[in-house]
Structures are given as C-alpha cells and as structure tokens.
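Quick note, the sequences are listed as chains X and G, same order.
Heads up, the first sequence is in our numbering, so the first residue is 177 and it goes up one at a time.
Heads up, the second sequence is in our numbering, so the first residue is 525 and it goes up one at a time.
Note that CB positions come from ideal geometry on N, CA and C, so glycine has one too.
Some notes on the structure that comes next.
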Amino acid sequence: MVKICCIGAGYVGGPTMAVIALKCPDIEVVVVDISKPRIEAWNSDTLPIYEPGLDDVVKQCRGRNLFFSTDVEKHVAEADIIFVSVNTPTKTRGLGAGKAADLTYWESAARMIADVSKSDKIVVEKSTVPVKTAEAIEKILTHNSKGINYQILSNPEFLAEGTAIEDLFKPDRVLIGGRETPEGRKAVQALKDVYAHWVPEDRILTTNLWSAELSKLAANAFLAQRISSVNAISALCEATGANVTEVAYAVGKDTRIGPKFLNASVGFGGSCFQKDILNLVYICECNGLPEVANYWKQVIKINDYQKSRFVNRVVSSMFNTVAGKKIAVLGFAFKKDTGDTRETPAIDVCKGLLGDKAQISIYDPQVTEDQIQRDLAMNKFDWDHPMHLQPTSPTAVKQVSCVWDAYEATKGAHGLCILTEWDEFKTLDYQKIFDNMQKPAFVFDGRNIVDSEKLREIGFIVYSIGKPLDAWLKDMPAVA
Amino acid sequence: MVKICCIGAGYVGGPTMAVIALKCPDIEVVVVDISKPRIEAWNSDTLPIYEPGLDDVVKQCRGRNLFFSTDVEKHVAEADIIFVSVNTPTKTRGLGAGKAADLTYWESAARMIADVSKSDKIVVEKSTVPVKTAEAIEKILTHNSKGINYQILSNPEFLAEGTAIEDLFKPDRVLIGGRETPEGRKAVQVLKDVYAHWVPEDRILTTNLWSAELSKLAANAFLAQRISSVNAISALCEATGANVSEVAYAVGKDTRIGPKFLNASVGFGGSCFQKDILNLVYICECNGLPEVANYWKQVIRINDYQKSRFVNRVVASMFNTVAGKKIAVLGFAFKKDTGDTRETPAIDVCKGLLGDKAQISIYDPQVTEDQIQRDLAMNKFDWDHPMHLQPTSPTAIKQVSCVWDAYEATKGAHGVCILTEWDEFKTLDYQKIFDNMQKPAFVFDGRNIVDPEKLREIGFIVYSIGKPLDAWLKDMPAVA
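Following this line, the structure appears as structure tokens:
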C-alpha cells in the first residue's frame, strides 16, 4: 500500500488529501499538523474549513484510508510520498518585508523530514513557494540525508476558495515539476499515477522543476491582472460616461481574450492573488529584473487604488464627512459562497471608513463576528501564520457591530456598501431598506449586482462601479 | 439603393468596404481618398494593400457595386452612410506628444461633410479615435448643419493585419455604438442591417456610444497586455532556468485565461497595439486618472524593455562589441504573412544594433527594400501620416543592406537575429548557414521558432527568448 503523508492541514492540504483519499482507495492518506485544535476539528463533525462538498468527501474516507493526526514524525517516517503544505506567509519585517515569502515553516518541515526518515522518499511542494525553493530544500535534505534518497517535486495547487472540491475533482490542470534525471522522472511518474486515478492524462502536465513553480505564480498573476485591468477600465468608464459591463462584454467576446475574470469590482481578494504577485515581484527583484518587478507591482497598485477610490466615493458623496454616520456593509468574505476573508477588499474598505470615524454595521451570511473583529484588528499578513500563533483576544473595534440580518444592518444607515456578491443581496426588499434609512440614502455597489435603475426609482442615490455616474455623484467628485 | 461612402482608402477602409460590397450586392459602396496614387492603385491590378484574399474580393465587386474615387465631395454628398476611416496618427509635438491622437484629418473630414451635405446622413467613426470624439464631431456637424440631421455612430474596427479578410468575413464581434435616443437607435439599426447580411446577429453588439469607443481601445490593450505579461515572464524564466513555453502552456490551460496571445517574443508590433494603448493612457490622464494611466503605460514599457533586452543580449554575447560585424536579420514585418512594418520590433532592434555600429543584412520575404530603408530613417509615428506627406527620399543607411535570400543575408555573418516568425525560417538549411558564418556563430531567436537543440548540435550558440540560457550566454550576462 502506497502511503501519503501531508504536512499542513490547512486550506490546501486538507481538501486535496481528502479528494486523493476518495479517488484512490488503495492509498493511505494521513494529514498531519502540529495544531491540536485543528486536527481535532478535522476529526469532528465540524470541519475547520468550509468548502461545498468537503464534508461529504471527508466522511466517506475518514477512518478508512484518510486520517488526521498530530503524530507528525511517525507518519512522515512511514510515508512514501510527503506533501509539504505549510503556510508561507509574506514576511512582515527584514529583507523583503511585505513581499518575500517567509520560509520558516517550510525549512523546519524539511529538517524534520530529514531527521525522521528511514527510507527513500518523494517530497512534494504543495504550498506556494518562490522559484528555486526546491533547490534550497534539496540542500537541507541532502546534507542531512544519512544515505536516504529524496526526490523533490513541485506540484502547486490551483484551487479557488469556494470551489475547491469542484476544482480538485475536475482540475483545469495538474502541474508536476521535477528534475530531468532518471530518478526525477521516475518520481514524477509516481505522482502522476496518483492523479491519473481521476484526472485525464492530458491535463497532467509535467515540466521541469522551475517551470512548474513559475506556472502557478504566473497563472495567478495573469488572473489578477485581468481583474485589475477591467477595474482600471471601470475608472475610465465612470469618467467618460461609458459602461464597464458593456465594454467588458465586448472585450470578452474576442476569443483571444475570453470572457472570464472580467467583472469589475471593488477589488480582488483571496489568499492567492496578492501573495503570488508579491512573490513574483520579489523573485524578479532578486534576479535583477526591476522592470519586470515594476510591471507586476502595478496589478497590486490598481487593486489598492480601486479600494481607495471606492472609499473616497463613499466619503465624498456624503459631504466629505462620515464621522458618526452609520454605514452598512453587506458582505465581508472575499467572494460569495465562502467564509474566507483573507485579503478581502472589505477589510480595506472598512478600515478606510473607520479611519474617517464612520460607525459600521456588518452583515455577512457566513463570516463569523470573531473573524470580522480579528480581521479589522490585525495587521496585514498576520492571517497567514498558523492560527495558534495569531494574536489572541484582539480588542474589539468599538465602531463596528456585526449583525445577522441585512435589514438590521441597514436600519438608520446613511449609506449601504455591497462588498460581496452573495446571491441574497440581489433579492433584498430595497424599498423596505430605503424606508428605514437616513436620507439621502446611498447604495454603493462594489460588485455590480443591483439593478441601479430600480433603486433610483425607489429614491436611492446609487453608485455602481464603472457605470455612468448619478448626477449627485458627478457634482461631488471623489478626489484621492 | 443604399449608398455608402468611405472616406479613407487605407488598411481599415479599403478591406472593410470591399467586404461590405461583396456581401451586400444591393448596396453601392464608394471608397474615396484625396491621394490620387492610392486610388489609382485600388483601381489597378496591384492593390496598395496586401492582405490574403483581398485581391479576389475586390475584383469580384469593383465596377459592379464597389468603386474607388478621388471625387470626395460628390460621393459624400450622395451617400446615406458615411464611414470616416482617416488616419489618426499619434501627435509628435505639442500637448500629448507621443500619446494623443492627432485629429486634424478627422476634423477636416467632418467639416467637409458639413459643407457638401444636402440630405440627412449617418456618419460612422471607423478609425480609432479617443473616447468622446463623437461629441466633438457632432458639434462641428451640428454647428454647420444648415438644417440637416446627422447621427454619429461608433463602429471601431477589430482587424488584425494579415488576417483582415478572414476577420471581416467571420468577426468575433461587430461593435456599433450610438446615442440612446429614438433617432440614434434607428441609425444603429440601419448599420446593423448592413452587417446582418453576413454576420450573425448575436455577434453584432450595440452599446452606448462611449462604451463602443472604449471597447476597441480596451480590447487591444488587453491583448497587448497578454503579450507583455508573457514577455515579462520570459525574462524571469531566463534568470531562473525555467522555460517560458512550458509556463505559458500551463497558464493557457486555465480556461479563465485561455491559450491565445501567450507566445513570448521580441515584442509586439502592428499599428494598433501601441497606438491604442497610448491613446488609452492619454485619455486617462485627461480625465484625471494618473494611476490608471500608469497601469497601462507598463504594457508599453515592458514591450520596449523586451526589445532592449534582446539587443543587449546580442551585443553582450559578442564580447560587448558588434562594430563592423555583420549581423543577419531574418524577418522585418511585425508578424508573418504580411508586408506591414508599422511598429515592428525589427525597427527598434535594428536601430539598437546600428547604434552599436553593426553592419546589418536584412531579408524579409515580403517587405520591400524601400520600406525597410524608410522605416530605419524616419522617426517614430511618421508612418501614420498619409503616404504623400511622409518624408521623401530618406538617405539610405549605409550600414544596412537588404537581400532577397536568407543564405545571402547570413553569409559571413557573426550572428543571425530571427525577428519575424515566417514559416520558411523554420525549414532553412542551418548547417549550410553555419558553414558560411564567422565563428563563434550565434542564433538569436526572437520568435522561438527554431529547435535550439538541433542548432546547438550543428555548432551554433543559441539564444531563445524565455528558455534556459546556453552556458556561453550565462557567462556573458546582458546588462541594460
């Protein structure tokens, strides 16, 4: 029986291993983590991660060929294939602060593997790491090897939060990168055989090690760039009276461009896009390519600009003052159908409004109050350290209240910001909402999900990203 | 009988009107231009524009319902629909120099239309113009109207040089923008009925006027950005030992990104990409959006960087000196299957090498020697003035020779630069070429069309964009 051990029971490791276990009944899969509460949660009825379909997959395999354990060393020693799926947070101080990936957890995982191994192993990079990390890991393993042979593979993940299980069942591609030596190719084949249980072979791409690592970063950079590009166009549409939805539709009809990821919004979120671009920028700078680094930095700059622009629009619309005014925020997750708030634009928008002393009332169908309070209290990138190392008991932000109902959030509010495209926000009773708001009543649609004409008929002043501006908004230009 | 008149017999107007005439036998189409030689060429057996399939289309309709004439005023007066397809060169001095479109020709066309019109007309913007030009044109027409009603429509072209006829027969989309008034909508319908003769209605998009104008600029900016993005990645691949073809293939497999326009190269060319992005940048700046302007400028910067990087690689590889050395350039057109050299990267590469005093021998199967000499002598953007206003008899550059055979170009050369992906360059006898070159012999493949392994076996030192570097090249790093 082939044994797989996955170090790291987070968003990447957990779902991936669950799907492997489901699709490969002949393989024993153990997910290990040093976080006892997390492992206990995986073994309970309330999994620590919410993903549609994940519960079902785990319950079919858990106890059969899928196990969750804190006994890291035992299972690493016994494994044939070790996936390393630890966090790679962005550094917050020192060289590369704000850009470079912190490889502390990765390095300690490699050292532990070298310490406990008693047989040859395939070590697979599953988390996102800078190009050439495999070389560094290989050096650590080789210099501590005691005669054991390690093959390092790169197998970056391409999951999208909210559709992780679906992405794992039918991936656009599975990338496997390895050394182009006989041993390297053999290791690649072993991993390929695992995925071939359910993924068509033409979607399993094997490339040299560096190409595989770059492909993940590049793919996410390309996707994020599409969003930033249409967001950049949305600003121009507002300035010229054009309509970004029409422009994006026409652009997307060009089959060389395609229609996906062309929805203008308040900004992209999620743990991957910003982090992968910052990694890419850092790698470019380390390789003496400042022109390329600047190019990719612009994707982040436009994303930040879009969020700032949105906040400025809110404040300037209300006579440049929101101090003491209640502003409702509908949606906190970085996209619908997930409770994930990593890098969500809602954090930046809320902080922007709090900076102007607004009172914020937040409703999101899935994000917990604890999470919201934690997000608004912590500094950027803290979320990417393991949970047990995150700041505990942050002081609750007093200007913020979290409610369990959209109508409660909007009661007595001056303005309403829609920041996540949850389906339920499209079908709210906006007349009822309008009746209970202060006047003039504003809707700031950061996701272009409301019908602005209908809302204007009700009496709202509506701002939709990239759409021709209301007369009121034209007379109150937002100035950064 | 509906009468269409097209002002401007260039790359856009000529082919477009020819296809309309072919597909709409019940419509009389007249293409007019003040350039007598150009009109005479359209009426001869040697058309002034080379496009596959164009000869056949023109000869089927010319004299039947397609005519070419210099009697501009007569045909404008008689027309029901007037397409304005004049050049909009980039300004070379004054406000917006290097970025803004020069609307001199557009404005004079509008004034002439107002002067000679005796009946209501639909005026269609066909050439690329900044957003809101329709407003300016409308003002000119209205203030000179003498009671005649004009409807201004935007109908930007999306042709790609080299596949213009194919693009016109089966367009990804036809965009028609007009005022959202009853008269405006009626005019849009008239133009839509023309295209509906052969274009499925679901591909004919009608949007408000501003969205239509922005869509053309945005579509080209998105396409150019894809090329610059993969070119940016190619620089990183060279620095890290990755392979850009593998990375691009993996990225393109993601259906949200798609596989088109992900070929790394020495840079994009053609009259559209650079010009449309510069227009977009200028419009952003005029609308007080410096962040957005900077974002799109980066697409141009990376393109310039890629060309500079290529030249630096050539010079650095040859001991930092190419003075007096013969360098062969294979391919001058901005892409294969065309004689079009507008904004071709070959111009910048050749000028870079000439700046270092190299002797250049150029072969291109379709570009004329006159064109090459003219391109290398003139300043940027001069090509976008009508031919009869371009500088005449530029001094031939002594360091440049144009030959009619690849083997002649490479004889006695130190290096070969492949700058256009002509099919014939893939099947040259490289052993024969190698035997007749100075040693060490270099191939710099700016289009990734040669097999570097085979060439290395022959004895060449090969540089391919975005591929792992030859040992020789690694030891001679290019420094910008």
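Residue from the options whose Cα sits closest to the Cα of residue i
i              : options                    : result
residue 517/G  : 550/G, 882/G, 925/G        : With chain G covering only 525 through 1004, there is no way to say anything about residue 517/G.
residue 397/X  : 449/X, 477/X, 291/X, 277/X : 449/X
residue 525/G  : 535/G, 548/G, 536/G        : 548/G
residue 361/X  : 343/X, 339/X, 330/X, 542/X : 330/X
residue 204/X  : 476/X, 223/X, 251/X        : 251/X
residue 615/X  : 638/X, 432/X, 531/X, 506/X : 638/X
residue 774/G  : 260/X, 347/X, 468/X, 200/X : 347/X
residue 687/G  : 575/G, 635/G, 784/G, 748/G : 575/G
residue 845/G  : 881/G, 783/G, 859/G        : 881/G
residue 559/G  : 970/G, 582/G, 577/G, 534/G : 534/G
residue 430/X  : 696/G, 529/G, 546/G, 754/G : 696/G
residue 961/G  : 983/G, 745/G, 987/G, 948/G : 983/G
residue 471/X  : 814/G, 812/G, 571/G, 827/G : 827/G
residue 1006/G : 426/X, 436/X, 289/X        : The requested residue 1006/G does not occur in the structure, where chain G is confined to residues 525 to 1004.
Anticipated Cβ contact below 8 Å, residue i with residue j, distance rounded
i             : j             : result
residue 293/X : residue 253/X : 6 Å
residue 215/X : residue 187/X : So it is not a contact: roughly 15 Å between Cβ atoms.
residue 943/G : residue 992/G : Incorrect: roughly 22 Å between the Cβ atoms, too far for contact.
residue 766/G : residue 390/X : 5 Å
residue 609/X : residue 601/X : Actually they do not touch by this definition, with Cβ atoms about 11 Å apart.
residue 525/X : residue 491/X : Their Cβ separation, rounded to whole angstroms, is 11 Å, which puts residue 525/X and residue 491/X out of contact at 8 Å.
residue 873/G : residue 935/G : With a Cβ gap of about 20 Å, residue 873/G and residue 935/G do not count as contacting.
residue 257/X : residue 298/X : 5 Å
residue 511/X : residue 597/X : 7 Å
Exposure label - residue i; buried when at least 16 CB within 10 Å
i             : result
residue 532/G : buried
residue 271/X : exposed
residue 265/X : buried
residue 464/X : exposed
residue 737/G : buried
residue 621/G : exposed
residue 721/G : exposed
residue 946/G : buried
residue 495/X : exposed
residue 642/G : exposed
residue 648/X : exposed
residue 220/X : exposed
residue 650/X : exposed
residue 176/X : This structure cannot speak to residue 176/X, because chain X is shown only from 177 to 656.
residue 599/G : buried
residue 759/G : buried
residue 590/X : buried
residue 917/G : Residue confidence for residue 917/G is low, a pLDDT of 42 falling below 50, so the modelled location carries little weight; the figure read from the coordinates is stated next. So residue 917/G ends up on the exposed side.
residue 964/G : exposed
Neighbouring residues, chain X, relative to residue i (Cβ below 7 Å)
i             : result
residue 487/G : The question about residue 487/G has no answer, for chain G in this structure spans 525 to 1004.
residue 871/G : Those within 7 Å of residue 871/G in chain X number zero; the least Cβ separation is about 20 Å.
residue 760/G : 390, 459, 460, 463, 465, 468
Listed by chain order, chain G residues near residue i by CB distance under 8 Å
i             : result
residue 474/X : 818, 819, 822
residue 303/X : Neighbours of residue 303/X on chain G: none; closest Cβ ~18 Å, over 8 Å.
residue 448/X : Result: empty, since nearest Cβ-Cβ is about 13 Å, beyond 8 Å.
Residue i: contacting residues in chain X (beta-carbon distance under 9 Å)
i             : result
residue 729/G : 422, 425, 426, 429
residue 753/G : 394, 397, 398, 401, 471, 472
Any non-hydrogen atom of the ligand GTP closer than 7 Å to residue i Cβ
i             : result
residue 729/G : In terms of ligand content, the structure shown is empty, and the ligand GTP therefore cannot be addressed.
Proximal residues of chain G, C-beta to C-beta of residue i below 7 Å
i             : result
residue 432/X : 747, 784, 785
residue 310/X : Neighbours of residue 310/X on chain G: none; closest Cβ ~11 Å, over 7 Å.
Partners in chain X for residue i, counting only beta-carbon separations shorter than 8 Å
i             : result
residue 775/G : 391, 394, 395, 398
Contact set between residue i and chain G, taken where Cβ atoms lie within less than 9 Å
i             : result
residue 477/X : 815, 818, 819
With 8 Å as the limit, tell me which residues of the stretch 265–290 of chain X have their beta carbon closer than that to any beta carbon of chain G; keep them in chain order.
Those would be none; no residue qualifies.
Near-chain G residues of the stretch 451–467 of chain X - C-beta to any C-beta below 8 Å
Residues passing the 8 Å Cβ filter: 456, 459, 460, 463, 464, 465, 467.
Interface positions of the stretch 627–640 of chain X facing chain G (Cβ-Cβ less than 7 Å), listed along the chain
So the list is empty, because no residue satisfies the distance condition.
For the stretch 677–708 of chain G, list every residue whose C-beta sits within 8 Å of some C-beta in chain X, in sequence order.
Listed by position, the residues of the stretch 677–708 of chain G near chain X (Cβ gap below 8 Å) are 682, 696, 697, 699.
Using a Cβ cut-off of 8 Å, which residues of the stretch 630–647 of chain G contact any Cβ in chain X, in chain order?
Hits within the stretch: zero.
Residues of the stretch 326–351 of chain X with Cβ closer than 8 Å to any Cβ of chain G, in chain order
Cβ contacts with chain G: 334, 348, 349, 351.
What residues in the stretch 201–215 of chain X bring their beta carbon closer than 7 Å to a beta carbon of chain G?
Against chain G - using a Cβ distance shorter than 7 Å - the stretch 201–215 of chain X contributes no residues.
Interfacial residues, the stretch 733–744 of chain G to chain X, with Cβ spacing under 7 Å:
Those residues of the stretch 733–744 of chain G placed with their C-beta closer than 7 Å to a C-beta in chain X are 734, 735, 738, 739, 742, 743, ordered along the chain.
Under 9 Å, CB to CB, which of the residues in the stretch 792–807 of chain G have a partner in chain X?
Going along the stretch 792–807 of chain G in chain order, one finds 804, 807 with a Cβ nearer than 9 Å to chain X.
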